[in-house]
Structures are given as structure tokens and as C-alpha cells.
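Under the working numbering, the final residue of the sequence shown carries the number 545; numbering is consecutive throughout.
Glycine residues also receive a C-beta, built at the ideal position from the N, C-alpha and C atoms.
See structure below.
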Amino acid sequence: MLAYSRYWSVVPSAESFRAAAQTMMTSVSLGLSIAWPLYRFSMRMPRASRWLPILDWLAIAGTLQVVLWPMRLSTHWTPIRVALLDSTLCAWALLIGALISIGLRDSSPWARTKWMAICIAVVLLAPIADITLIDLLGFGTATLTSAGISELLYWSPVSSAWVLAGHDSYGVTGPEWARVALLLAAAILTWAAAVLWPTTTDPPQNNR
């Protein structure tokens with residue numbers, strides 16, 4: 338028995354690789370939408386540069402290319418699906434970066450806590466609305482796409498990463514690219530607001 342067992346081998350299936358890749362992409366989206374703003378808002382940087390999140394975004398986007406594209410070797414993802422997932426995560430990161438840029442204009446703890454709460458809301462609002470509408474109120478058919486997936490799940494960085502990385506049995510559709518375009522437009526508009534956002538100065542110290 339022992340002599341024969343050395344010839345046994347475990348060959349992971351493409352499905353197990355896909356599940357692992359799905360979990361990894363969801364973890365990446367959690368990092369860029371929660372851990373990244375939490376790290377920046379926790380730093381002692383009064384009136385930080387408005388362009389600092391852009392440098393962060395370039396590092397995140399570059400690392401994402403190295404991590405994401407080689408996953409095609411072990412999954413059934415097509416190049417167009419990888420491009421869709423890549424574009425979606427980069428667009429969400431660009432939007433989160435704009436919120437960080439605005440939040441860093443004010444060095445007060447309460448202001449940064451407020452903007453951190455906004456980042457958390459960006460992550461949670463769509464999944465909570467999906468649970469409320471579909472599971473509790475039964476409005477499921479009104480929010481389903483042609484692939485049978487809730488439309489609301491595409492409007493959160495975490496749930497969209499989970500959906501796009503987990504469903505590779507259908508091709509990329511026009512509405513999926515339209516969502517990326519809308520998300521990118523929202524990120525650009527938020528960055529325009531970040532550029533124009535006034536910097537809050539610290540109150541003068543009373544040295545006595």
C-alpha cells in the first residue's frame with residue numbers, strides 16, 4: 338500500500354484554480370477599497386499632496402497587471418474577460434483614490450473618519466441593496482442581467498470582482514463594458530472635484 342501510494346498524484350482542476358483566482362481577486366478588491374484608504378487616512382500627513390493617491394494608483398495598477406494576466410494559464414478566462422476584470426478593478430481604484438485625495442485635504446480625525454466611512458459605503462451599499470431587494474423583498478427579476486446575475490452586484494468593488502472572476506461560462510457583453518465606462522466617468526468627475534476641493538488649514542497654535 339505504501340509502495341503504491343507514492344505514484345498517486347493530485348491534479349487540481351480548472352474549477353479549483355478558478356475558485357482560488359476568484360478569492361484572490363476579491364481579496365485584491367478589498368485591499369484597494371478598504372485597506373488602502375485606511376492606511377492613508379491613518380497617516381500623520383496634514384494637508385497631504387492631492388496627487389499622492391495617483392502615485393499609489395499607478396503602483397496598484399502596475400502590480401495588478403503582473404498578478405492578473407498570468408492567471409489565464411490556470412483558468413478558463415479569455416483575454417477579453419481578463420481585460421474586463423482588469424479595467425473594472427483599475428476604475429474602482431481610481432475612484433477610491435479620488436476619495437482619498439479629498440479626504441487628505443483635511444488633517445482633522447473627524448474629517449478623515451467621514452471619508453473612510455464613504456469608502457466603506459462604496460463597498461457595502463450595493464450588496465446590502467441587493468440582499469434587501471432580492472432576499473428580503475423578492476424583487477429579484479427586476480435586477481437580474483441576461484446572465485442571471487444581479488445588476489446591483491456590479492456596483493461595488495468587492496462584489497463586482499467576485500462576480501467577474503467567478504463567472505467565466507459566458508462571453509463579455511456590451512453592458513459590462515458600459516458599466517466600466519460609467520465607473521471611469523464617475524472616477525474622472527470625482528478627481529475633478531478633488532482638484533478643486535479646498536484644503537482645510539490647521540488652526541493656529543496658541544503658544545503660551
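{"query": "Beta-carbon contacts of A530 that lie in its chain and below 8 Å, excluding the five residues immediately before and after", "result": "A435 and I439"}
{"query": "Three-state secondary structure assigned by DSSP to S487", "result": "strand"}
{"query": "Cutoff 7 Å; reference I397; Cβ partners in own chain excluding five residues on either side", "result": "L369 and A430"}
{"query": "Buried or exposed by the 16-neighbour rule on C-beta atoms within 10 Å, applied to S497", "result": "buried"}
{"query": "Cβ distance (whole Å) where L441 is taken to contact L389 below 8 Å", "result": "7 Å"}
{"query": "Exposure of M380, with buried meaning 16 or more beta-carbon neighbours within 10 Å", "result": "exposed"}
{"query": "Nearest-angstrom Cα separation, counted from A358 out to V495", "result": "14 Å"}
{"query": "Cβ distance (whole Å) where R387 is taken to contact V532 below 8 Å", "result": "7 Å"}
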